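Q: Numbering (our numbering), first residue to last: 4 to 265. Beta carbons are placed, not taken as given, at the ideal position from N, Cα and C, and that holds for glycine. Keep in mind the model is a prediction, meaning the values are calculated, not measured.
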Amino acid sequence: MHIAVLTIFPAMFDLFWEHGIVRRAASEGLIQPQAVDIRAFTQDRHQVTDDRPYGGGCGMVMKPEPLARAVEAARNRINEGVTVLLSPRGDKLSQQTAEGLARQRGLIFICGRYEGVDARIVHRHVDCELSIGDYVLSGGELAAMVAMDAVIRLIPGVLGGSDSAACDSFSNGLLEHEHYTRPREFDGQTVPEILLSGDHQAIAHWRRKMALIETLLRRPDLLESRRLDADETDILRQWSQKLKRILKDQTAHRPDSLSGRQ
Ligand code: ADE
Numbered sequence: 004m005h006i007a008v009l010t011i012f013p014a015m016f017d018l019f020w021e022h023g024i025v026r027r028a029a030s031e032g033l034i035q036p037q038a039v040d041i042r043a044f045t046q047d048r049h050q051v052t053d054d055r056p057y058g059g060g061c062g063m064v065m066k067p068e069p070l071a072r073a074v075e076a077a078r079n080r081i082n083e084g085v086t087v088l089l090s091p092r093g094d095k096l097s098q099q100t101a102e103g104l105a106r107q108r109g110l111i112f113i114c115g116r117y118e119g120v121d122a123r124i125v126h127r128h129v130d131c132e133l134s135i136g137d138y139v140l141s142g143g144e145l146a147a148m149v150a151m152d153a154v155i156r157l158i159p160g161v162l163g164g165s166d167s168a169a170c171d172s173f174s175n176g177l178l179e180h181e182h183y184t185r186p187r188e189f190d191g192q193t194v195p196e197i198l199l200s201g202d203h204q205a206i207a208h209w210r211r212k213m214a215l216i217e218t219l220l221r222r223p224d225l226l227e228s229r230r231l232d233a234d235e236t237d238i239l240r241q242w243s244q245k246l247k248r249i250l251k252d253q254t255a256h257r258p259d260s261l262s263g264r265q
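1. Using a Cβ-Cβ cut-off of 8 Å (strictly less than) and excluding sequence neighbours within five positions of S174, which residues of its own chain qualify?
2. What first and last residue would you give for the alpha helix (DSSP H) that runs through P69?
3. Would you report the Cα separation of T45 and V194, rounded to the nearest angstrom?
4. The ligand ADE and I113: does any heavy atom of the ligand fall closer than 7 Å to the residue's C-beta?
5. Taking the continuous alpha helix (DSSP H) assigned at H256, which residues delimit it?
6. Would you say the beta carbon of V139 comes nearer than 7 Å to a heavy atom of the ligand ADE?
7. Please find out if some non-hydrogen atom of the ligand ADE comes closer than 7 Å to the beta-carbon of S97.
8. What is the C-beta distance between I24 and A105, in whole angstroms, given that I count them as a contact (C-beta under 8 Å)?
9. Roughly how many angstroms separate the alpha carbons of D54 and M63, rounded to a whole number?
10. Measure the Cβ-Cβ separation of T10 and E132 and say whether it is below 8 Å.
11. Quick check: does the Cβ of A146 come within less than 7 Å of any heavy atom belonging to the ligand ADE?
12. Would DSSP call P223 helix, strand or coil?
13. How about L88 and V149: do their beta carbons lie closer than 8 Å?
14. Checking 8 Å against the spacing of the C-beta atoms, do A147 and C114 come in under that value?
15. Taking only heavy atoms of the ligand ADE into account, decide whether any of them is closer than 7 Å to the Cβ of I135.
16. Output needed for Q37: all residues of its chain with C-beta closer than 6 Å, excluding positions within five of it in sequence on either side, in chain order.
17. How long is the line joining the alpha carbons of I155 and L96, rounded to whole angstroms?
18. Only counting the same chain, and skipping five residues up and downstream in sequence, which positions put a Cβ closer than 7 Å to that of A205?
19. Assuming the contact rule is C-beta atoms closer than 8 Å, D65 and T86 should be a hit. Round their C-beta distance to whole Å, please.
20. Please state whether DSSP places S30 in a helix, a strand or coil.
21. Who are the near neighbours of P56 in its chain, counting only those whose CB is closer than 6 Å to its CB and skipping five residues on each side?
22. Decide if T218 is buried, meaning its Cβ has at least 16 other Cβ atoms within 10 Å, or exposed.
23. By alpha-carbon positions, which one of V161, V139 and L110 ends up nearest to G119?
24. Please go through the same chain and pick out, in chain order, the residues whose beta-carbon is closer than 6 Å to the beta-carbon of R108, but skip the five residues on each side of it.
25. Going by the CB atoms, is the gap between M213 and E181 shorter than 8 Å?
Here it is, written out as structure tokens:
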């Protein structure tokens, strides 16, 4: 997959390309990444990339001409794929969005700075706008790195079997279960016995159960929109019965319940 990131700070990406999974993907030829310096597409002596907004107001806006030329240059290299603008106004990046982007032949990311980019660039060149959350960064560069990281690890062949993306939180709509490694005992805490049992079926069941419970406790919204299978319904039913028993016992032991008061 060809990836171009249009930015006025191309050096920010040097470290990003050179570490971890992104580096491995590049060295195995699974991605061809490139940071494109928008400033190189200016035509004035001072290489200006921003200007004051029409109509007044605070902040500066990224000028359209250098950006348009940079997009066109990237398109000449990457003629198939989508162009993504990182912006707090965009759709929230999700695992599903990352999966969709990972299926593209090429990606062009535009990193806005200042108050944003001239709207005519968005109208003409941008296929989708992505936000990484409801907060404002000083530019799209970090957001582009977040999006690229989420996407690159999903490209077939990038992750090996042991760290398969299919095991990730969200990949099956649930958060992941907890993880443990050696030593067996650390800081007075022991590894759950089942993980040491060697019983792979029981371990898989425990992990499923824990994933479901973690999701229920931390992100109940994910369960609300999920079609539970029979196994999951069973696990949650058992939990709800246990909870009901605990609550019933608690009320039974309260002094006011003994005296019949509410
Ligand atoms: N640029 C500034 N803030 C951003 C955000 N939250 N997501 C994506 N791009 C941004």
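A: According to the structure data:
1. Setting aside the 5 residues that flank it on each side, S174 is surrounded in the same chain by Q98 and A168, each with a C-beta closer than 8 Å to its C-beta; the list follows chain order.
2. P69: member of the alpha helix (DSSP H) spanning P67 to R80, first to last residue.
3. Their backbone Cα atoms lie some 59 Å apart in a straight line.
4. For the ligand ADE, not one heavy atom lies less than 7 Å from the Cβ of I113.
5. A233 to H256 is the extent of the alpha helix (DSSP H) around H256.
6. Within the cutoff, so yes.
7. If you check the C-beta of S97 against the ligand ADE, you find no heavy atom less than 7 Å away.
8. Contact check for I24 and A105: beta-carbon distance about 13 Å, past the 8 Å limit, so the pair fails to qualify.
9. Cα-Cα distance, rounded: 5 Å.
10. For T10 and E132, no; Cβs fall outside 8 Å.
11. The answer is yes for A146.
12. Annotated three-state conformation of P223 is helix, per DSSP.
13. In terms of Cβ geometry, L88 and V149 do not form a close pair [threshold 8 Å].
14. Between A147 and C114, the gap from beta carbon to beta carbon is short of 8 Å.
15. Indeed, a heavy atom of the ligand ADE lies less than 7 Å from the Cβ.
16. The beta carbon of Q37 sits closer than 6 Å to the beta carbons of A7 from its chain, once the five residues preceding and following it are set aside; these are given in chain order.
17. Whole-angstrom Cα-Cα distance: 14 Å.
18. Counting only Cβ-Cβ distances below 7 Å, and skipping sequence neighbours, we find I197.
19. Position check: residue 65 holds Met in this sequence, whereas Asp was assumed. Actually they do not touch by this definition, with Cβ atoms about 15 Å apart.
20. In the three-state DSSP reduction, S30 falls in the helix class (H, G or I).
21. For P56, same chain residues with a beta-carbon under 6 Å away, outside a window of 5 residues either side, are V64 in chain order.
22. The residue is buried, with at least 16 neighbouring Cβ atoms inside 10 Å.
23. Cα-wise, what sits closest to G119 is V139.
24. Once the five neighbours on either side are set aside, the close Cβ partners of R108 are E83 and G84.
25. Cβ distance < 8 Å, so E181 and M213 count as in contact.
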